[in-house]
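Going by my numbering, the first residue of the sequence shown is number 149, and it counts up by one from there. Backbone N, C-alpha and C fix where the C-beta goes; we use that ideal spot for every residue, glycine too. Just below is one structure, and these are the notes that go with it.
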Amino acid sequence: MKTAQLKIGDKTLELPIITGTENENGIDVTSLRAETNHLTF
149 MKTAQLKIGD KTLELPIITG TENENGIDVT SLRAETNHLT F
């Protein structure tokens with residue numbers, strides 16, 4: 149599985165890269181809030 153890295157301060161998260169229904173790539177950020185207490189907009 150491909151992953152993307154997101155660094156916040158001294159913490160680095162490994163986030164899965166997923167393939168959408170039209171074969172586009174997306175980054176799964178569902179664990180972001182639980183692991184970092186940050187949100188996305």
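Same chain, Cβ closer than 7 Å to residue i, neighbours up to 5 away in sequence not counted
i       : result
Asp-176 : Leu-163, Pro-164 and Ile-166
Thr-151 : Glu-162, Leu-163, Pro-164 and Ile-165
8 Å CB neighbourhood of residue i in its chain, flanking five on each side removed
i       : result
Gly-174 : Ile-165, Ile-166, Thr-167 and Gly-168
Leu-180 : Leu-154, Leu-161, Leu-163, His-186, Leu-187 and Thr-188
Test item: CB-CB of residue i and residue j under 7 Å
i       : j       : result
Ile-156 : Thr-184 : yes
Spatial distance of residue i from residue j (CA atoms)
i       : j       : result
Thr-160 : Met-149 : 17 Å
Thr-178 : His-186 : 11 Å
Asn-171 : Asp-158 : 33 Å
Gln-153 : Ala-182 : 16 Å
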